[in-house]
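A quick write-up on the structure given underneath.
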Amino acid sequence: MLRSPYKLIFRPLEVGRLKLRNRLICGPMFVGYANADGTVSDRMLAHYERRAKGRPAMVITEHMAVNVAGAQFSNMVVLSDRKCLPGLTQLAECIKKHGPVGVAQIYHAGRYAGPWEQYKKARRLAPSATPFPLFGDMEATPQEMTLEEIQETIQAFADAAALVREAGFDGVELHGATGYLLSQFLSPRINKREDAYGGSFDNRMKFPLEVYDAVRKAVGPDFLVGYQYLVKEWVPDGWDFPEAGQFAQRLQKEGVDYFIPQGGTIESWNDPAVRQTLQIETYQVAMIKEFSRGIRGTPVFACGRIYDPALGETVITRGVADVIVISRGMFADPDWVQKSEEGRAADLFHCIPDCYECVQTQKSGATCAAWPYEIKKKGIWG
Ligand SMILES: Cc1cc2nc3c(=O)[nH]c(=O)nc-3n(C[C@H](O)[C@H](O)[C@H](O)COP(=O)(O)O)c2cc1C
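Residue numbering for the sequence shown is 73 to 454, as defined by this note's numbering.
Okay, here's the thing in structure tokens:
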């Protein structure tokens, strides 16, 4: 076996009460393999087991909706129905038996949620009825959440986190990026409420803090709770530093175990200039560096086109982050970690910039243009 030329990315790290065997994580990627009734499918199990076999330190699942109103697609796991528990338990097992820490990501899409065919009755909920561009020329206007709906949603997050723990995962991750509901409350551009959940910075923080608090209470102090964190909306007058730094410090004080800082939202990805930025290798590193400076003491995981191990090693060497998250890279090649460890990075199948086959195929089950022919034919690298 060839020896790894990298030192830091294969060094273990403690996160919360868990030990990561290296600093390379299989990142959350919604691939749309779940059953149409919101349960875990065999295809999903095969997909995640194959990622776990590739020797990452942690596998973070794709986002799973805390309830029907929070889901974007019909082929995603919906945690509010306990019928998903057997599949969820198998999912945790098939990740953990190969060594990685297993983390399930939970979310509510807010204004980006359905309604789709079978859930036509669901209201498109958001902090305020602020219109937003949907696709191309289309626009949507969500409905302002009532105080009752806010409380129900907080409870849905707590119940979903408890289910994740019951299923046997090691941790839960709150998806507070990509412009989903948790971040919608923070953004003064989107949140126009005049009650206790809108207006001042303290008020805009209230909903995501109450969600975090309810989730922490539901899972207990020893369970890993991570946060996929929106740093910048990347739209004019969007959420940004300094509030983005201050809210992270507040979550840190509350006991979040790690952060994955992110830039951009579904809305900003409509902007050709932002889309171009996303093609650049390590495109988030400057932003992550600034973020990390403000929150010493809690691990920061860096992601965003860190497509080979040498780049990952540099990001850690320069003190930008503690851990590297690889999402599309490990979708393109589940052996990313193993090949890197064995000094075979030249054999990696790489995600192709500006390709987006995975995004375009999500609704029917994502595939990847970088997969070798025989995997493509099967439709899954399972
Ligand atoms: C098809 C697709 C699905 C994604 N699904 C999720 C998701 O479920 N949760 C999440 O936090 N991020 C999701 N992301 C974002 C990735 O996790 C990651 O942050 C982003 O792609 C940049 O990192 P990368 O270059 O390593 O892929 C998704 C990205 C893509 C392309």
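Glycine residues also receive a C-beta, built at the ideal position from the N, C-alpha and C atoms.
Nothing here was measured: the structure is a model prediction, and the numbers come from that model.
{"query": "Cβ contact check for the segment 390-406 and the segment 87-107: 3 or more pairs under 8 angstroms", "result": "yes"}
{"query": "C-beta atoms of Ala212 and Ala185 nearer than 8 angstroms", "result": "no"}
{"query": "Short Cβ contact (8 angstroms threshold) for Cys156 with Tyr120", "result": "no"}
{"query": "Identity of the residue in Val287, Lys125, Ala108, Ala198 nearest Gln177 by Cα", "result": "Val287"}
{"query": "Coarse secondary structure for Met359, derived from DSSP in three states", "result": "helix"}
{"query": "Given Asn342 as reference, the closest of Ile132, Phe204, Asp394 once Cα atoms are compared", "result": "Phe204"}
{"query": "Segment limits, beta strand (DSSP E) that includes Glu134", "result": "130-137"}
{"query": "At least 3 beta-carbon pairs within less than 8 angstroms: the segment 298-308 vs the segment 212-232", "result": "no"}
{"query": "Contact the segment 324-332 vs the segment 263-279: 3+ CB pairs below 8 angstroms", "result": "no"}
{"query": "Own chain partners of Phe82 with C-beta closer than 7 angstroms, once the 5 adjacent residues on each side are dropped", "result": "Ser76, Asn94, Glu413"}
{"query": "Whole-angstrom C-beta distance between Val387 and Thr354, which should lie under 8 angstroms", "result": "7 angstroms"}
{"query": "Selection from Pro444, Glu339, Gly126 that minimises the alpha carbon distance to Leu206", "result": "Glu339"}
{"query": "Any non-hydrogen atom of ligand 1 within 7 angstroms of Lys378 CB", "result": "At residue 378 the sequence reads Ile, which differs from the Lys that was named. Flag set: Cβ of Ile378 near ligand 1."}
{"query": "Per DSSP, the bridge partner or partners of Gln334", "result": "Leu302"}
{"query": "Host beta strand (DSSP E) of Ile178 (start-end)", "result": "173-179"}
{"query": "Which residues DSSP lists as bridging Thr250, in chain order", "result": "Thr337"}
{"query": "Three-state class that DSSP yields for Leu151 in the structure shown", "result": "coil"}
{"query": "Boundaries of the beta strand (DSSP E) in which Cys98 is found, first to last residue", "result": "96-98"}
{"query": "Per-residue DSSP class, three states only, for Ala108", "result": "coil"}
{"query": "Residue interval of the alpha helix (DSSP H) (run including Leu160)", "result": "157-168"}
{"query": "Through-space distance from Thr111 to Gln144, alpha-carbon basis", "result": "15 angstroms"}
{"query": "Run of the beta strand (DSSP E) containing Gln86, from where it starts to where it stops", "result": "The amino acid at residue 86 is misidentified as Gln; the sequence shows Glu. Per DSSP, Glu86 belongs to the beta strand (DSSP E) from 85-87."}
{"query": "Cβ-based neighbour list, Gly376, same chain, cut-off 7 angstroms, excluding 5 preceding and 5 following", "result": "Thr354, Tyr355, Gln356"}
{"query": "Closer than 7 angstroms: Val173 CB and nearest ligand 1 heavy atom", "result": "no"}
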